[in-house]
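A.B. asks:
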Amino acid sequence: MQSMHYLKNYINGVNCDALSGKWIDNYNPSDGSVYAQIPDSSKQDVDKAYSAAQAAFPAWSTTTIDTRSKIMLRIADLILENLEGLAKAEAKDNGKPLSLATAVDIPRASANFRFFGNGITQFASKAHQSVGLNTMNYTLKQPIGVVGCISPWNLPLYLFTWKIAPALAAGNCVVAKPSEVTPMTAYLLGDICTQAGLPAGVLNIVHGTGPTAGQAIVEHPNIKAISFTGGTQTGAHIARVAAPLFKKLSLELGGKNPNLIFADCDYQKMLSVTLKSSFANQGQICLCGSRIYVEETIFEQFKKDFVAKVASLKVGNPFDADTKIGALVSKSHMEKVQGYIEIAKQENGTILYGGKPVEVTGSEQGYYLQPTVIEIQENQCRINQEEIFGPVVTLMPFKTEAEALKLANDVKYGLSATIWTSNIDRTMRLSKDIQAGIVWVNTWLNRDLRTPFGGVKQSGVGREGGFEALNFFTEAKNVCISYQGNI
Ligand code: TXE
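Counted from 1, the sequence shown has number 161 at position 121 by my numbering; the numbering is strictly sequential.
(1) Quick one: using the 10 Å Cβ neighbour count with 16 as the cut-off for buried, is P431 buried or exposed?
(2) Whether or not the region 320–335 and the region 431–442 are in contact is what I'm after, with contact meaning three or more pairs of Cβ atoms, one per stretch, closer than 8 Å; do they touch?
(3) Within the chosen definition, does the region 338–357 reach the region 373–388 through at least 3 CB pairs nearer than 8 Å?
(4) Which one of T491, I527, I325 has the shortest CA to CA distance from G159?
(5) Just to check, is the beta-carbon of A193 closer than 8 Å to a non-hydrogen atom of the ligand TXE?
(6) Could you tell me which of A226, F163, M176 sits nearest to S191, measuring between CA atoms?
(7) In the DSSP assignment, find the alpha helix (DSSP H) that holds N511 and state where it starts and stops.
(8) So who's on the other strand from Q162, going by DSSP bridges?
(9) Can you grab the Cα-Cα spacing for the pair F512 / S60, in whole Å?
(10) Which residues bound the beta strand (DSSP E) around W193?
(11) For M41, I'd like the list of residues in its chain whose CB is within less than 7 Å of its CB, leaving aside the five on either flank, ordered along the chain.
(12) Go through its chain and collect everything with a Cβ distance to Q169's Cβ below 7 Å, but skip five positions before and after it.
(13) How would you call D71, buried or exposed, if buried means at least 16 neighbouring beta carbons within 10 angstroms?
(14) Closer than 8 Å: is that where the CB of E375 sits relative to any heavy atom of the ligand PLP?
(15) In this structure, how does DSSP classify L173 when only helix, strand and coil are distinguished?
(16) What residues in its chain sit with their C-beta under 8 Å from that of T483, if we drop five residues either side in the sequence?
(17) Could you tell me which whole beta strand (DSSP E) segments of length 3 or greater appear in the region 188–273?
(18) CB of K217 to nearest heavy atom of the ligand TXE: below 8 Å?
(19) Out of Q420, F438, Y380, E399, which has the shortest C-alpha to C-alpha gap to V413?
(20) What is the C-beta distance between S462 and D345, in whole angstroms, given that I count them as a contact (C-beta under 8 Å)?
(21) What span of residues does the alpha helix (DSSP H) with W100 cover, start to end?
(22) Would the C-beta of G295 count as close to the ligand TXE, meaning under 8 Å from any of its heavy atoms?
(23) When you compare the CB positions of H503 and S290, do they come within less than 9 Å of one another, or not?
(24) Quick check on this structure: which residue in L392, N212, P196 has the alpha carbon closest to the alpha carbon of A99?
(25) At which residues does the beta strand (DSSP E) containing N526 begin and terminate?
(26) Would you tell me roughly how many angstroms separate the C-alpha atoms of T514 and A95, rounded to the nearest one?
(27) For G505 and G525, what's the separation of their Cα atoms in angstroms?
(28) So I266 packs on V86, CB below 8 Å; how close in whole Å?
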């Protein structure tokens with residue numbers, strides 16, 4: 041029998057229980073078992089975390105950049121030193137293949153700290169001399185104070201650290217909440233931060249549900265900025281709660297991203313990358329290309345080749361080396377995704393492959409679903425308009441570039457888009473006109489951390505990444521000094 045893990049909040053550098061003494065079950069999605077309990081934190085725990093952060097702020101915000109940077113880099117190193125354990129914890133908690141957690145999630149969490157640990161040393165303010173008026177302006181980039189970071193379950197440590205690292209590097213103190221569905225690696229990060237020498241209270245991690253612990257962070261009158269990644273509906277709710285409190289908000293929300301495939305593309309490269317952009321992480325990445333549009337002349341060929349490749353993906357236990365598709369994150373999410381497959385049938389979608397749960401031997405109670413490809417008749421059907429966030433893609437042909445663009449933009453989301461073509465003029469035209477924050481051409485999920493990341497329309501507000509993130513986590517204050525004489 042497996043032993044139960046009891047996770048703790050990390051407040052003021054100390055691991056502690058929720059003040060209420062209440063717990064929430066944490067499931068292993070690969071076999072449906074409850075394997076851990078997490079603190080069911082309330083407003084009182086968030087208040088306690090805030091007080092610790094506020095007390096730590098004067099010292100942390102005046103710590104030299106060199107010292108701050110060294111601590112960030114030490115955290116990055118320690119994450120890598122603990123790669124194996126963290127990757128196993130992530131795979132168990134989330135259901136993603138261990139190979140993916142090992143190759144992508146945990147290295148990227150380390151890279152986030154390394155990037156912002158180095159980045160803060162390059163984050164400079166500007167000076168503007170007004171010649172003739174005899175004034176000199178300079179801009180201070182000051183840390184905001186105590187900020188809130190709320191992250192989702194799909195890329196747990198990857199996205200948690202993507203927020204925390206720039207917030208800390210910029211000199212803020214943080215109250216952070218990971219998703220209650222995948223709390224494990226955030227819990228393990230607390231000890232790593234202590235080992236790295238992060239002073240007590242600078243980072244506080246509060247576990248619990250969104251409507252209780254998450255809402256308490258958003259409602260806290262003195263937590264002055266919120267960086268949130270999650271669903272669009274939750275994002276809209278957070279924006280409503282935060283607006284009267286005049287908080288800075290960064291909202292990275294859902295996506296329903298088009299993948300436009302033209303006949304003149306590098307076909308083999310497109311096929312293998314499209315397989316990844318459709319089903320990586322069980323399709324639970326906001327950047328997945330879940331709407332596939334293919335030029336009519338190659339549509340039948342693509343259908344045949346793509347379905348053959350999809351059929352070769354092994355659905356299995358996350359810990360099996362050859363697993364390409366692990367478990368969905370939770371029972372309720374599995375039911376949501378299956379619900380969309382039923383909707384597809386009512387909408388006269390043709391299921392070209394998949395659509396059924398998979399029983400994995402030895403893990404019969406796990407949440408496994410076949411990768412699913414559905415040919416649709418109309419762009420406006422629900423499965424092509426709503427974020428399913430699972431291993432399900434839609435497929436539709438187009439005749440002209442203009443039609444492809446219209447189909448791509450005919451959706452309420454605008455996070456990313458992928459274009460497959462060898463025509464440079466087409467690339468330039470479409471990249472300009474596609475309504476998205478990120479456009480990939482002949483590639484997917486290629487990320488340079490210096491580049492801006494975020495969406496338009498209902499995919500969010502604000503940009504993360506590079507100096508965009510450091511700008512978000514600082515206030516710009518202009519100082520104008522009048523001087524005598526000519527300089
Ligand atoms: O996300 P939520 P859920 C999409 C995806 C998914 C849907 C719902 O379509 O099916 O969202 O997923 C916290 N105040 N994405 O319900 O609720 C919550 O505890 C403050 C896309 O899991 O948005 C968690 O930490 N916080 C997405 C975080 O918000 C609140 C990734 C995200 O949870 C809160 C995940 C509240 N009132 C889901 N309510 C992406 N953009 O990548 C919840 N939370």
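C-beta: ideal position from N, C-alpha, C; glycine also.
C.D. replies: On the basis of the coordinates in this document:
(1) Counting from one through the sequence shown, the residue named residue 431 turns up at place 391. Flag for P431 reads buried.
(2) yes
(3) Because the criterion of three Cβ pairs below 8 Å is not met, the region 338–357 and the region 373–388 do not touch.
(4) Translated into the one-based positions of the sequence shown, residue 159 becomes position 119. Comparing Cα-Cα distances from G159 to each of T491, I527, I325, the minimum goes to T491.
(5) Start at 1 with the first residue of the sequence shown, and residue 193 comes out as number 153. Note that residue 193 is Trp in the sequence shown here, rather than Ala. Remark: the C-beta of W193 is in contact range of the ligand TXE, defined as less than 8 Å to any heavy atom.
(6) As a first step, residue 191 must be located in the sequence shown, where it is residue number 151. Taking only the C-alpha atoms, the option nearest S191 is A226.
(7) Numbered from 1 along the sequence shown, position 471 holds the residue referred to as residue 511. Where N511 is concerned, the enclosing alpha helix (DSSP H) stretches over 506–512.
(8) Numbered from 1 along the sequence shown, position 122 holds the residue referred to as residue 162. Q162 is not bridged to any residue.
(9) Residue numbering aside, residue 512 sits at position 472 when the sequence shown is read from its first letter. Residue numbering aside, residue 60 sits at position 20 when the sequence shown is read from its first letter. Approximately 34 Å, taken between the alpha carbons.
(10) Residue mapping note: residue 193 aligns to position 153 of the sequence shown, counting from 1. Where W193 is concerned, there is no enclosing beta strand (DSSP E), because DSSP gives it neither an H nor an E.
(11) In the sequence shown, residue 41 corresponds to position 1, counting from 1. Unreliable positioning characterises M41 in this predicted model, as indicated by a pLDDT of 49, which lies under 50. A coordinate reading is not provided.
(12) Counted from its first residue, the sequence shown places residue 169 at position 129. So the qualifying residues of the chain are M176.
(13) One-based indexing of the sequence shown puts residue 71 at position 31. It counts as buried.
(14) This structure lacks the ligand PLP; its bound ligands are the ligand TXE.
(15) Your numbering for residue 173 matches position 133 in the sequence shown. In this structure, L173 counts as coil in the three-state DSSP scheme.
(16) On the sequence shown, residue 483 is found 443 positions in, with the first residue counted as 1. Closer than 8 Å at the Cβ level, and outside the excluded window around T483, lie V313, T458.
(17) Segments of the beta strand (DSSP E) lying fully in the region 188–273: 213–217, 243–245, 265–269.
(18) Along the sequence shown, one-based indexing puts residue 217 at 177. Yes; taking the cut-off as 8 Å, the Cβ of K217 has a heavy atom of the ligand TXE nearer than that.
(19) What you label residue 413 is simply residue 373 of the sequence shown in a count that begins at 1. If we check each option's Cα against that of V413, Y380 comes out closest.
(20) Here residue 462 refers to the residue found at position 422 of the sequence shown. Here residue 345 refers to the residue found at position 305 of the sequence shown. Between D345 and S462 the Cβ distance is about 18 Å, and since that is not below 8 Å, they are no contact.
(21) Here residue 100 corresponds to residue number 60 of the sequence shown, with the count starting at 1. Residues 83–101.
(22) Looking up residue 295 in the sequence shown gives position 255. Yes - the ligand TXE has a heavy atom lying nearer than 8 Å to the Cβ of G295.
(23) Your numbering for residue 503 matches position 463 in the sequence shown. Your numbering for residue 290 matches position 250 in the sequence shown. Note that residue 503 is Arg in the sequence shown here, rather than His. The answer is yes: Cβ separation under 9 Å.
(24) The residue you call residue 99 lines up with position 59 of the sequence shown. Comparing Cα positions, the closest option is N212.
(25) Start at 1 with the first residue of the sequence shown, and residue 526 comes out as number 486. Where N526 is concerned, there is no enclosing beta strand (DSSP E), given that its DSSP letter is neither H nor E.
(26) The sequence position of residue 514 within the sequence shown is 474, counting from 1. The sequence position of residue 95 within the sequence shown is 55, counting from 1. Distance from the CA of T514 to the CA of A95, rounded to the nearest whole angstrom, comes to 19 Å.
(27) Position 465 of the sequence shown, counting from 1, holds the residue named residue 505. Position 485 of the sequence shown, counting from 1, holds the residue named residue 525. Between G505 and G525, the C-alpha separation is close to 42 Å.
(28) Walking along the sequence shown from the start, residue 266 turns up at place 226. Walking along the sequence shown from the start, residue 86 turns up at place 46. The pair is not a contact, with the Cβ atoms about 12 Å apart (cut-off 8 Å).
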